[in-house]
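2 protein chains.
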Amino acid sequence: MNFFTVFSFNCFHSFHSFHLFQLLVSTIDFRYITDVITPEEAISMLKNAQEGKEERIEHLLVKGYPSYTTQVGWMGYSDATIQELCKKYLDLGFTAFKIKVGRDVNSDMKRCMLVRKEIGYENTLMIDANQIWDVNEAIEWVKKLSEYKPLFIEEPTSPDDVLGHATIAKALRPLGIGVATGEMCCNRVLFKQFLQAGGMQYCQIDSARIGGVNEILSVYLMAKKFNVPVIPHAGGVGLCEMVQHLQMWEYTSLSKSMKMIEFVDQQHDQFVYPTIVLNAKYQAPVEPGYSTELKAEAIENYEYPNGKEWQKMFQEGIFEEIKY
Amino acid sequence: MNFFTVFSFNCFHSFHSFHLFQLLVSTIDFRYITDVITPEEAISMLKNAQEGKEERIEHLLVKGYPSYTTQVGWMGYSDATIQELCKKYLDLGFTAFKIKVGRDVNSDMKRCMLVRKEIGYENTLMIDANQIWDVNEAIEWVKKLSEYKPLFIEEPTSPDDVLGHATIAKALRPLGIGVATGEMCCNRVLFKQFLQAGGMQYCQIDSARIGGVNEILSVYLMAKKFNVPVIPHAGGVGLCEMVQHLQMWEYTSLSKSMKMIEFVDQQHDQFVYPTIVLNAKYQAPVEPGYSTELKAEAIENYEYPNGKEWQKMFQEGIFEEIKY
Numbered sequence: 152m153n154f155f156t157v158f159s160f161n162c163f164h165s166f167h168s169f170h171l172f173q174l175l176v177s178t179i180d181f182r183y184i185t186d187v188i189t190p191e192e193a194i195s196m197l198k199n200a201q202e203g204k205e206e207r208i209e210h211l212l213v214k215g216y217p218s219y220t221t222q223v224g225w226m227g228y229s230d231a232t233i234q235e236l237c238k239k240y241l242d243l244g245f246t247a248f249k250i251k252v253g254r255d256v257n258s259d260m261k262r263c264m265l266v267r268k269e270i271g272y273e274n275t276l277m278i279d280a281n282q283i284w285d286v287n288e289a290i291e292w293v294k295k296l297s298e299y300k301p302l303f304i305e306e307p308t309s310p311d312d313v314l315g316h317a318t319i320a321k322a323l324r325p326l327g328i329g330v331a332t333g334e335m336c337c338n339r340v341l342f343k344q345f346l347q348a349g350g351m352q353y354c355q356i357d358s359a360r361i362g363g364v365n366e367i368l369s370v371y372l373m374a375k376k377f378n379v380p381v382i383p384h385a386g387g388v389g390l391c392e393m394v395q396h397l398q399m400w401e402y403t404s405l406s407k408s409m410k411m412i413e414f415v416d417q418q419h420d421q422f423v424y425p426t427i428v429l430n431a432k433y434q435a436p437v438e439p440g441y442s443t444e445l446k447a448e449a450i451e452n453y454e455y456p457n458g459k460e461w462q463k464m465f466q467e468g469i470f471e472e473i474k475y
Numbered sequence: 152m153n154f155f156t157v158f159s160f161n162c163f164h165s166f167h168s169f170h171l172f173q174l175l176v177s178t179i180d181f182r183y184i185t186d187v188i189t190p191e192e193a194i195s196m197l198k199n200a201q202e203g204k205e206e207r208i209e210h211l212l213v214k215g216y217p218s219y220t221t222q223v224g225w226m227g228y229s230d231a232t233i234q235e236l237c238k239k240y241l242d243l244g245f246t247a248f249k250i251k252v253g254r255d256v257n258s259d260m261k262r263c264m265l266v267r268k269e270i271g272y273e274n275t276l277m278i279d280a281n282q283i284w285d286v287n288e289a290i291e292w293v294k295k296l297s298e299y300k301p302l303f304i305e306e307p308t309s310p311d312d313v314l315g316h317a318t319i320a321k322a323l324r325p326l327g328i329g330v331a332t333g334e335m336c337c338n339r340v341l342f343k344q345f346l347q348a349g350g351m352q353y354c355q356i357d358s359a360r361i362g363g364v365n366e367i368l369s370v371y372l373m374a375k376k377f378n379v380p381v382i383p384h385a386g387g388v389g390l391c392e393m394v395q396h397l398q399m400w401e402y403t404s405l406s407k408s409m410k411m412i413e414f415v416d417q418q419h420d421q422f423v424y425p426t427i428v429l430n431a432k433y434q435a436p437v438e439p440g441y442s443t444e445l446k447a448e449a450i451e452n453y454e455y456p457n458g459k460e461w462q463k464m465f466q467e468g469i470f471e472e473i474k475y
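This is the structure in structure tokens:
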């Protein structure tokens with residue numbers, strides 16, 4: 152049995168018996184995390200999530216899975232661009248928007264205000280600092296942005312600083328702002344600690360990091376145990392394609408509740424089975440596999456260093472080819 | 152000015168003025184650790200450590216710096232070998248001994264008993280688990296060894312598990328056993344947290360890890376602030392040569408108190424300026440530099456894959472040469 156078929160959407164309903172729970176759990180390395188979760192607990196959690204699974208699968212197939220957009224507020228965008236993009240993504244049905252912060256606090260306040268003016272307070276705003284601050288600086292800075300009511304501040308400081316994140320989270324809790332992190336988290340032992348310490352109110356697994364799917368499963372299980380929602384990182388080529396499988400599995404087979412998946416509308420056209428987002432909802436993939444297969448022409452054009460686009464750029468002197 | 156000359160022993164006394172403190176501190180990256188230590192604090196700590204420095208240098212030159220041995224209890228040694236080695240290192244003047252544990256608890260108890268019988272309770276015993284256990288397992292196991300009064304348990308679990316180490320440390324504190332770790336610690340942010348959380352009663356910096364000397368300096372400063380003794384890891388080729396410089400600097404110029412340095416009596420003959428340990432004391436190196444220069448013949452014999460010894464082993468079929 153191919154492990155990935157367990158994940159592919161159209162096989163969810165074949166995954167019922169105790170033996171199959173055991174098979175799934177047997178793929179996870181529990182070393183160093185048994186103080187938080189054991190294989191027996193994991194099996195029991197999966198078992199308890201069976202009720203209503205068919206309905207959830209049906210719901211996913213009909214309604215899709217909510218997404219948020221990171222496209223409206225990259226650094227360096229003009230006010231006009233931000234306004235225009237907010238309008239565009241509102242029109243596309245989005246209700247949750249993330250923007251970058253951390254370069255200049257006054258500029259951040261203006262950008263938050265601008266976005267709030269466009270999207271209103273009935274929609275969700277999130278902010279992302281990409282590890283820019285030290286701990287105390289993060290607290291002071293985000294406090295100044297609190298009037299714009301962000302749901303969370305993402306990566307306020309070093310991705311290794313569990314206790315720093317916990318300190319920031321504690322300081323921001325009275326303001327209703329959570330801390331999100333995880334895309335750079337190096338392994339399950341770090342995730343375990345983020346959850347134990349209260350350093351992570353939103354758990355942002357990344358499908359291409361740590362030990363791959365096996366280790367990510369352990370993070371999903373621990374997050375469920377701590378009642379911390381997983382909202383996957385998907386700001387990179389192929390990440391949307393992969394995390395949709397994980398997150399839909401989590402909804403149907405573990406937590407029974409929907410969260411959000413990040414959506415960045417780039418490079419999906421390079422994939423054989425691209426992510427499809429309609430009305431801001433990820434449409435449930437129905438092909439087997441992890442949706443990672445690139446089109447033949449994508450490889451032909453972009454493989455380094457022989458792809459056509461690279462060769463063109465070498466010839467134009469945009470890049471120099473490195474000879475090994 | 153060569154940064155390393157600041158470290159070399161015979162230049163300690165040239166390092167007095169405020170400007171030189173600033174120069175040293177300017178080599179350290181304080182990003183992500185300012186919630187624990189700032190450059191201003193570091194300068195003030197170094198300034199406060201000036202008093203009596205000449206006497207400490209003199210003391211080092213005359214008496215040397217205490218070491219401990221890891222040679223008596225590697226895994227797989229017979230009882231007779233352990234007894235013999237204990238006698239040998241006692242005769243050489245050693246008063247502190249570290250052995251490996253973690254394979255089998257009954258065997259560990261026997262080995263601890265055997266070593267204690269040889270070295271008595273007036274000498275120091277330390278135990279090292281090399282990351283073998285999960286958190287709760289570590290606590291149960293070490294409790295069973297507590298009657299042999301080890302000073303510390305080294306690397307009881309994952310080297311990334313700050314909170315796990317803190318849990319273990321809390322459980323073992325009533326038994327008078329500390330937790331030691333650090334040789335695998337991946338950066339200053341992790342060290343910061345180990346110190347903040349009480350997960351490290353003995354800080355084992357490794358001279359060849361994290362960001363090299365610059366980053367290690369930040370760890371020394373944080374350890375001093377938390378009153379946690381640094382006892383460097385030196386179980387690898389060249390480590391003894393390097394850490395002696397760091398540790399003697401720490402004694403003369405930061406903490407004013409002597410601790411221990413690990414000593415493994417292997418491969419020192421390959422270095423131009425080898426570590427010299429007499430009567431279990433590291434003799435203060437008097438040559439400039441970091442003592443890392445290998446002898447020409449060491450490179451000639453052991454460089455991979457062209458060194459004579461490698462070529463010999465390829466010819467004998469002991470290893471196969473990997474062609475790139």
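Going down the list, the protein sequences come from chains A and B.
In my numbering, each residue's number is its place in the first sequence (first place is 1) plus 151.
In my numbering, each residue's number is its place in the second sequence (first place is 1) plus 151.
From the three backbone atoms N, C-alpha and C, an ideal C-beta is built for every residue, glycine too.
Please read these numbers as outputs of a predicted model, since none were measured by experiment.
request  = Output the distance between the C-alpha atoms of Thr189 of chain A and Phe181 of chain A, rounded to the nearest integer angstrom.
outcome  = Counting from 1 along the first sequence, the entry for residue 189 of chain A is found at position 38. Counting from 1 along the first sequence, the entry for residue 181 of chain A is found at position 30. Their Cα atoms are separated by approximately 7 Å.
ask   = Looking only at DSSP bridge pairs, what is Glu305 of chain A linked to?
value = Numbered from 1 along the first sequence, position 154 holds the residue referred to as residue 305 of chain A. Answer is A:Asp279, A:Ala331, bridged to Glu305 of chain A.
key: Backbone CA spacing between Glu291 of chain A and Asp420 of chain B [nearest angstrom]   = As a position in the first sequence, residue 291 of chain A is number 140, starting the count at 1. As a position in the second sequence, residue 420 of chain B is number 269, starting the count at 1. Rounded to the nearest angstrom, the two C-alpha atoms are 55 Å apart.
query = If you scan the stretch 220-270 of chain B from start to end, which runs of the beta strand (DSSP E) of 3 or more residues do you find wholly inside it?
reply = 247-251
message = Buried or exposed for Tyr219 of chain B, going by 16 or more other Cβ atoms inside 10 Å?
response = Counted from its first residue, the second sequence places residue 219 of chain B at position 68. Counting Cβ neighbours within 10 Å, Tyr219 of chain B comes out buried, since at least 16 surround it.
query = How many angstroms separate the CA atom of Arg262 of chain B from the CA atom of Trp284 of chain B?
reply = Position 111 of the second sequence holds residue 262 of chain B. Position 133 of the second sequence holds residue 284 of chain B. Rounded to the nearest angstrom, the two C-alpha atoms are 19 Å apart.
ask   = In terms of DSSP beta bridges, what is Tyr371 of chain B paired with?
value = Your numbering for residue 371 of chain B matches position 220 in the second sequence. Answer is none; Tyr371 of chain B lacks a bridge partner.
task = Can you give me the start and stop residues for the alpha helix (DSSP H) that Ile412 of chain A sits inside?
result = Along the first sequence, read from residue 1 onward, the residue named residue 412 of chain A stands at position 261. First-last for Ile412 of chain A: 412-414, but that is the beta strand (DSSP E), not the alpha helix (DSSP H).
ask   = Any heavy atom of the ligand SAH closer than 7 Å to the Cβ of Arg339 of chain A?
value = Among the ligands in the structure shown, none appear at all, so the ligand SAH cannot be discussed.
task = Please confirm if Asn452 of chain A has its CB atom under 8 Å from at least one CB of chain B.
result = Taking the first residue of the first sequence as 1, we reach residue 452 of chain A at position 301. Answer no: the Cβ-Cβ gap between Asn452 of chain A and chain B never drops below 8 Å.
DSSP three-state assignment for His384 of chain B, whether helix, strand or coil = As a working mapping, residue 384 of chain B is identified with position 233 in the second sequence. Correct three-state label for His384 of chain B: coil.
key: Residues that Val364 of chain B bridges to, as DSSP identifies them   = Locating residue 364 of chain B in the second sequence gives position 213, where the first residue counts as 1. Note: Val364 of chain B sits in no beta bridge, so no partner.
inquiry  = Can you list, in chain order, the residues of its chain with a C-beta nearer than 8 Å to that of Asn365 of chain A? Leave out the 5 residues immediately preceding and following it.
reply    = The residue labelled residue 365 of chain A in the question sits at position 214 within the first sequence. The answer, listed in chain order, is Thr178, Ile179, Asp180.
inquiry  = Using the three-state DSSP reduction, which class does Cys337 of chain B fall into: helix, strand or coil?
reply    = For the purposes of this step, residue 337 of chain B is identified with residue 186 of the second sequence, where counting begins at 1. Correct three-state label for Cys337 of chain B: coil.
request  = Give a yes or no on whether the C-beta atoms belonging to Val266 of chain B and Gly224 of chain B are separated by under 8 Å.
outcome  = Your numbering for residue 266 of chain B matches position 115 in the second sequence. Your numbering for residue 224 of chain B matches position 73 in the second sequence. Yes; because the gap between Cβ atoms is below 8 Å, this pair is in contact.
task = Grab the span of the alpha helix (DSSP H) containing Ile290 of chain B for me, first residue to last.
result = As a working note, residue 290 of chain B is residue 139 in the second sequence. Taken as a continuous stretch (DSSP letters only), the alpha helix (DSSP H) holding Ile290 of chain B covers 286-296.
query = Mind checking Phe303 of chain A: buried by the 16 CB within 10 Å criterion, or exposed?
reply = Counted from its first residue, the first sequence places residue 303 of chain A at position 152. Phe303 of chain A comes out buried.
task = Step through the CB atoms of chain A and report whether any lies within less than 8 Å of the CB of Arg477 of chain B.
result = Beyond the ends of chain B as shown, which are 152 and 475, falls residue 477 of chain B; an answer cannot be given.
inquiry  = Determine, for Leu323 of chain B, whether the minimum Cβ-Cβ distance to residues of chain A falls below 8 Å.
reply    = Your numbering for residue 323 of chain B matches position 172 in the second sequence. With 8 Å as the cut-off, Leu323 of chain B does not count as an interface residue toward chain A.
query = How should Tyr475 of chain B be labelled, buried or exposed, when 16 other C-beta atoms within 10 angstroms of its C-beta is the threshold for buried?
reply = What you label residue 475 of chain B is simply residue 324 of the second sequence in a count that begins at 1. Flag for Tyr475 of chain B reads exposed.
message = I'd like to know whether the C-beta of Gln347 of chain B is nearer than 8 Å to at least one C-beta of chain A.
response = Indexing the second sequence from 1 puts residue 347 of chain B at position 196. Yes, its Cβ sits closer than 8 Å to a Cβ of chain A.
key: DSSP state of Lys432 of chain A mapped onto helix, strand, coil   = As a first step, residue 432 of chain A is located in the first sequence; it is residue number 281 there, counting from the start. Lys432 of chain A: strand per DSSP, three-state reduction.
inquiry  = For Cys391 of chain B and Glu444 of chain B, I'd like the C-alpha separation in whole angstroms.
reply    = By 1-based counting over the second sequence, the position of residue 391 of chain B is 240. By 1-based counting over the second sequence, the position of residue 444 of chain B is 293. If I take the Cα positions, the gap works out to 13 Å.
key: Pairwise C-alpha distance: Glu273 of chain A and Lys440 of chain A   = Residue numbering aside, residue 440 of chain A sits at position 289 when the first sequence is read from its first letter. Residue numbering aside, residue 273 of chain A sits at position 122 when the first sequence is read from its first letter. Per the sequence shown, the amino acid found at residue 440 of chain A is Gly instead of Lys. Computed Cα separation, rounded: 37 Å.
inquiry  = Along the stretch 306-337 of chain A, where does the CB come closer than 8 Å to a CB of chain C? Name the residues.
reply    = No chain C appears in this structure, whose protein chains are A and B.
inquiry  = One question on the structure: do Leu243 of chain A and Ala431 of chain A come within less than 8 Å of each other, judged by their Cβ atoms?
reply    = Walking along the first sequence from the start, residue 243 of chain A turns up at place 92. Walking along the first sequence from the start, residue 431 of chain A turns up at place 280. Yes; because the gap between Cβ atoms is below 8 Å, this pair is in contact.
task = Identify whether Pro325 of chain B lies in helix, strand or coil by the three-state DSSP scheme.
result = For the purposes of this step, residue 325 of chain B is taken as residue 174 along the second sequence, with counting starting at 1. Note: Pro325 of chain B maps to helix in three-state DSSP.
request  = Give the residues from the stretch 264-288 of chain B that approach chain A closer than 7 Å (Cβ to any Cβ), ordered along the chain.
outcome  = Asp285, Val286, Asn287
task = Compare the C-alpha of Phe377 of chain A against each of A:Met393, A:Thr185, A:Leu346, A:Thr221 and name the closest.
result = The residue you call residue 377 of chain A lines up with position 226 of the first sequence. Among A:Met393, A:Thr185, A:Leu346, A:Thr221, the Cα nearest to that of Phe377 of chain A belongs to A:Leu346.
key: Rounded separation between Leu405 of chain A and Cys336 of chain A - CA only   = By one-based count along the first sequence, residue 405 of chain A stands at place 254. By one-based count along the first sequence, residue 336 of chain A stands at place 185. If you take the alpha carbons of Leu405 of chain A and Cys336 of chain A, they lie about 22 Å apart.
inquiry  = Beta-carbon within less than 7 Å of Thr246 of chain B's beta-carbon, same chain only, minus the 5 sequence neighbours each way: which residues are those?
reply    = As a first step, residue 246 of chain B is located in the second sequence; it is residue number 95 there, counting from the start. Same-chain partners within the cutoff: Asn274, Thr275, Ala431.
ask   = Excluding the five sequence neighbours on either side, which residues of its own chain have a C-beta within less than 7 Å of the C-beta of Phe172 of chain A, listed in chain order?
value = The residue you call residue 172 of chain A lines up with position 21 of the first sequence. Cβ neighbours of Phe172 of chain A beyond the five flanking positions: Ile194, Leu197, Lys198.
request  = Provide the residue(s) that pair with Phe422 of chain B in DSSP beta bridges, ordered along the chain.
outcome  = Looking up residue 422 of chain B in the second sequence gives position 271. Phe422 of chain B is bridged to B:Leu445.
inquiry  = Run through chain B and tell me which residues come within less than 8 Å of Asp186 of chain A, C-beta to C-beta.
reply    = Numbered from its first residue, the first sequence carries residue 186 of chain A at position 35. Ordered by position in chain B, the residues that pass the 8 Å Cβ test against Asp186 of chain A are Asp285, Val286, Asn287, Gly315, Thr318.
inquiry  = Beta carbons nearer than 9 Å to chain B: which residues of the stretch 339-369 of chain A have them?
reply    = Val340, Leu341, Lys343, Gln344, Gln347, Ala348
query = If you draw a straight line from the alpha carbon of Gly362 of chain B to that of Asn338 of chain B, how long is it in whole angstroms?
reply = The residue given as residue 362 of chain B occupies position 211 in the second sequence. The residue given as residue 338 of chain B occupies position 187 in the second sequence. About 7 Å.
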